[in-house]
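Colleague: The opening residue of the sequence shown carries number 3 in my numbering; numbering runs sequentially from there. Even for Gly, the Cβ is constructed at its ideal location relative to N, Cα and C. Nothing here was measured: the structure is a model prediction, and the numbers come from that model. My questions all concern the structure below.
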Amino acid sequence: VTPGIYITVAVAFFLLYWIEKKKGWSNLAYYGGWALALFHLALLIPAMQFIERAVWIVVLAGIAYLAGKMLLKNEDSSLAVMAQGLDGAATYIAITFYGYGEQHVLTSFLGSQLGYLTFYILKVALSLAILYYVNKESKSEEERNLLTYAIFVMGMAPGLRDVLRLIAGV
């Protein structure tokens, strides 16, 4: 797994976040991120041969988001849980129903022993627990935000990559 997707997502986010703070604008990172995502998604539309493969992934990611909203009551944390859910759901669906393989030793072991749905459940449960602790124990808003955004990027980058590969059939 290459770090390119992590670096790309993180650099785009932190650049927008830095501009937001420097200029005193609010929500630039949020809206700028969505604008960039939608622009690049539009570029990928011709390659999307199997869009129906993403339906259950989106449903499971939505369930993770709702769990975050109910338990954490914080939008940023809920989105980070959703991102981790997206990654777990994409792994579960791709391997279980479409014959993809797992490259990571721990995930492969857990999946072969307990089923890949377990990976999704563990990612959501762990991200909920970690973010609960971060929100409760972090002394500063900056620290809380940095940790939350790191959890978001670590889920969204591979999750989005896997969903796009799945719907493109590669």
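When you compare only the Cα positions, how much space is there between Leu-119 and Lys-125?
Modeller: Taking the straight line joining both Cα atoms gives about 10 angstroms.
Colleague: Whole alpha helix (DSSP H) runs in the stretch 113-171 with 4 or more residues, listed along the chain?
Modeller: With a minimum length of 4 residues, the continuous alpha helix (DSSP H) runs that stay inside the stretch 113-171 are 119-139 and 143-170.
Colleague: Between the C-alpha atoms of Gly-34 and Val-11, what's the straight-line distance to the nearest angstrom?
Modeller: Going by the C-alpha atoms only, they are around 12 angstroms apart.
Colleague: How would you call Ser-2, buried or exposed, if buried means at least 16 neighbouring beta carbons within 10 angstroms?
Modeller: Since the first residue shown for the chain is 3 and the last is 172, residue 2 is missing from the structure and cannot be characterised.
Colleague: For a test of the three-state rule: what should DSSP assign to Gly-70, helix, strand or coil?
Modeller: Helix.
Colleague: Under 8 angstroms by Cβ, that's how I've got Ile-132 and Ala-56 pegged, so tell me the actual separation to the nearest angstrom.
Modeller: About 26 angstroms; that fails the 8 angstroms criterion.
Colleague: According to the neighbour-count rule (16 or more other Cβ atoms, all chains shown, within 10 Å of its Cβ), is Thr-93 buried or exposed?
Modeller: Per the 10 Å Cβ criterion, buried.
Colleague: Could you give the first and the last residue of the continuous alpha helix (DSSP H) run that contains Ile-191?
Modeller: With the chain running from 3 to 172 in the structure shown, residue 191 is simply not present.
Colleague: Hey, how far is the Cα of Arg-163 from the Cα of Ala-85?
Modeller: About 12 angstroms.
Colleague: Go ahead and label Thr-98 buried or exposed: buried means 16 or more other beta carbons lie within 10 angstroms of its beta carbon, across all protein chains shown.
Modeller: Thr-98 is exposed by the Cβ-count criterion.
Colleague: Just verifying my parser: in three-state terms, what is the DSSP assignment at Glu-54?
Modeller: In this structure, Glu-54 counts as helix in the three-state DSSP scheme.
Colleague: Are the beta-carbon atoms belonging to Leu-88 and Met-158 less than 8 angstroms from one another?
Modeller: Against a cut-off of 8 angstroms, the Cβ pair of Met-158 and Leu-88 comes out as a contact.
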